[in-house]
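Taking it in order: structure first as structure tokens, then the write-up.
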Amino acid sequence: MPTSRDITRQRALHASRPLWADTPRLSLRLHQAPTARDYDVIIIGAGISGALMAHALADGKRRVLVVDRRKPVHGSTLASTAMIQHEIDIPLHRLADMIGEANARRAWQRSARAVEELSQIVTDLGISCGFERKKTLFLAGDAYGQRALRSEVGARHAAAIESDFLDAATLAERFGLDRTGAILSDISASANPAQMAAGILRAAMGRGVEVVSPLEITDLHATADEVFLATSDGRILAARHAVFCSGYEFHEAVANENHAIVSTWALSTPPDTTLPDWLKECIIWEGADPYLYLRRTRDGRLIAGGEDEASEDAYASATKLRQKAKTIRRKAGALLGVTLPEPDHVWAAPFGITRTGLPLIGRVPKHPNVFAVMGFGGNGITFSQIAAEIVSADIAGQGDADADLFAFEKP
Ligand SMILES: Cc1cc2nc3c(=O)[nH]c(=O)nc-3n(C[C@H](O)[C@H](O)[C@H](O)COP(=O)(O)OP(=O)(O)OC[C@H]3O[C@@H](n4cnc5c(N)ncnc54)[C@H](O)[C@@H]3O)c2cc1C
358 MPTSRDITRQ RALHASRPLW ADTPRLSLRL HQAPTARDYD VIIIGAGISG ALMAHALADG
418 KRRVLVVDRR KPVHGSTLAS TAMIQHEIDI PLHRLADMIG EANARRAWQR SARAVEELSQ
478 IVTDLGISCG FERKKTLFLA GDAYGQRALR SEVGARHAAA IESDFLDAAT LAERFGLDRT
538 GAILSDISAS ANPAQMAAGI LRAAMGRGVE VVSPLEITDL HATADEVFLA TSDGRILAAR
598 HAVFCSGYEF HEAVANENHA IVSTWALSTP PDTTLPDWLK ECIIWEGADP YLYLRRTRDG
658 RLIAGGEDEA SEDAYASATK LRQKAKTIRR KAGALLGVTL PEPDHVWAAP FGITRTGLPL
718 IGRVPKHPNV FAVMGFGGNG ITFSQIAAEI VSADIAGQGD ADADLFAFEK P
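Offset between the sequence shown (1-based) and the numbering used here: plus 357.
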């Protein structure tokens, strides 16, 4: 039977202090140690993916354990700028060239449904996390010009995904933005991702899910009926299923050439920054390389990010952090036509991407009953919800019509 060691290589998941680290309602009443040896499901990772997975699996009957070697929600979830979008990094018309039209449509439609579902979960659980429904403006840039954006709107309409093309004049008139075109679409949101994940975990705990932290899973042995997990404090835990929601510290068995870790940077300005009024309703991203994206928080901060570099560790450089923050601030100010104040938080982080912009979700090859969730890409949070739906259906013995799109081993 397969066994593995050092199964999720640890890395710094953010450099400097993300904005959300200074916000309330992140703490949970944790267990110091697992109360049992046997569980139905053990979830490794207490970020947004682990939280949504726990929510999907908590039926009051299953014994579900969530473990994390860090404090819950202190991994990549704490660094996220949390633009919750259905728009996948690779536009629909380009994705169709990569994986076929029908598959690309299914991926985009599934992504749109996941944002709606996430919004419903936050509402149903009454989580206070600054969640707001938003529209998205996707601006033409050097990677996707206005012609590509027109084709994209055509592809989205054919897939019954609403969006409107805005030409340069309309964009200037309605938003005061100087670009050759843009796509305006619905089905987006924004939130404090750490409060959102903590709130979802808290609700799952209310339905019997146990959350233990700090506790590290160091080894794994999977048999046909059971998964055994070794912990850093010398225990052996057993479960019918194990789900790795370990973010960019992914399970070594699922490392492959289709995904990569890059470096990214972000900043936030202080509350009540002077910003255009329409930013209350719209989030923005650019079809450019390197790209810029930005949004406003409820208390009037601007959050902006981008300037990605194809390097696993550039984010650790203090010099780069200063330079990148300066560039993001300058670009965001120029785009919005405002002078932005000095940011009060600047941070950098590793960030997972895939060639197609799609996440990897499903059974880990050669490891029976072990699942992994790699919600890679700019809309990782939306993908965490898709993962929760697909994996929980599989564990319940039901299929999911879209599981093939995201599987580690494509059919
Ligand atoms: C700067 C930045 C901006 C982003 N912006 C957006 C955005 O605007 N919109 C969007 O949708 N997404 C965005 N993302 C992506 C999104 O934040 C991630 O997809 C999401 O946070 C990943 O959550 P997770 O729960 O999978 O991982 P994490 O939050 O990293 O949680 C994984 C947890 O697993 C734990 N773990 C790992 N290995 C082990 C082990 N062996 N034993 C025990 N515990 C273990 C870790 O300690 C960690 O806490 C952004 C990411 C970054 C970094």
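Glycine is no exception: its CB is placed at the ideal position from the N, C-alpha and C atoms.
*State the Cα-Cα distance for the pair Pro700 and Leu692, rounded to the nearest angstrom.*
17 Å
*Exposed or buried, Lys683, counting other C-beta atoms within 10 Å across all chains shown (16 or more means buried)?*
exposed
*Please confirm whether any heavy atom of ligand 1 lies closer than 6 Å to the CB of Ile574.*
Taking the Cβ of Ile574 as the reference point, at least one heavy atom of ligand 1 falls within a distance shorter than 6 Å.
*asked:* Below 8 Å on the Cβ atoms is my contact criterion, and I expect Ile540 with Trp465 to pass it. Report the Cβ-Cβ distance as a whole number of Å.
replied: With a Cβ gap of about 13 Å, Ile540 and Trp465 do not count as contacting.
*Between Val569 and Ala390, which are expected to be in contact by the criterion C-beta below 8 Å, what is the C-beta distance as a whole number of angstroms?*
6 Å
_Cutting at 6 Å between CB atoms, please list the residues of its own chain near Phe607, excluding the five before and the five after it._
Met731
_Exposure label - Gln477; buried when at least 16 CB within 10 Å_ = exposed
*Supposed close pair Ile364, Leu577 - CB separation, criterion 8 Å*: 6 Å
*Given a threshold of 16 other Cβ atoms within 10 Å of its Cβ, counted over all protein chains shown, does Thr360 qualify as buried or as exposed?*
Note that Thr360 has pLDDT 40, beneath the 50 cutoff, so the model's placement of it is unreliable and the number below is only indicative. Thr360 should be labelled exposed.
*Heavy atom of ligand 2 less than 6 Å from the Cβ of Arg427, yes or no?*
Inclusion of ligand 2 in the displayed structure is not the case, the ligand content consisting of ligand 1 alone.
_Segment contact, 8 Å Cβ cut-off, at least three pairs: the stretch 575-589 with the stretch 620-637_ = no
*Cβ of Gly769 within 7 Å of Cβ of Ser433?*
This structure cannot speak to residue 769, because the chain is shown only from 358 to 768.
*Rounded distance between the beta-carbons of Val423 and Ala403, thought under 8 Å*: 5 Å
*Mind checking whether Ala645 and Ala500 have CB atoms under 7 Å apart?*
yes
*asked:* Taking 6 Å as the cut-off, is the C-beta of Gly563 nearer than that to any heavy atom in ligand 1?
replied: no
*If we ignore side chains and look at the alpha-carbon of each, how far apart do Arg386 and Ala529 end up?*
Whole-angstrom Cα-Cα distance: 50 Å.
*Complete runs of the alpha helix (DSSP H) confined to the stretch 589-639 [at least 4 residues]*: Positions of the alpha helix (DSSP H) runs, each at least 4 residues long and wholly inside the stretch 589-639, cannot be given because no such run exists.
*Contacting residues, own chain, Cβ-Cβ under 6 Å from Ser741 (five flanking each side not counted)*: Within the same chain, Ser741 has close Cβ partners Ile405, Ser406, Leu409 and Gly732.
*Cβ-based burial, Glu766 [other Cβ within 10 Å; buried from 16]*: exposed
*Got a sec? Which residues, its chain only, sit under 6 Å from Lys688 by beta carbon, not counting five neighbours each side?*
Leu649
*Rounded to the nearest angstrom, how far is the Cβ of Leu496 from that of Phe522, given a contact under 8 Å?*
Not a contact, Cβ separation roughly 12 Å.
*Beta-carbon separation of Gly719 and Ala661 under 7 Å?*
no
_I'd like the list of long-range same chain contacts for Leu636, defined as Cβ closer than 6 Å, with 5 residues on each side in sequence excluded._
Correct list, in chain order: Arg653.
_Through-space distance from Ile574 to Arg362, alpha-carbon basis_ = Residue confidence is low: Arg362 scores 49 on pLDDT, short of 50, so the model does not pin down where it sits. No coordinate-derived value is stated.
*Taking contact to mean at least 3 C-beta pairs separated by less than 8 Å, is the stretch 609-624 in contact with the stretch 670-679?*
yes
*Segment limits, beta strand (DSSP E) that includes Ile401*: Asp395 to Ile401
*Same chain, Cβ closer than 8 Å to Glu489, five either side skipped, listed in chain order*: Taken in chain order, the residues that qualify are Ala546, Ser547, Ala548 and Arg655.
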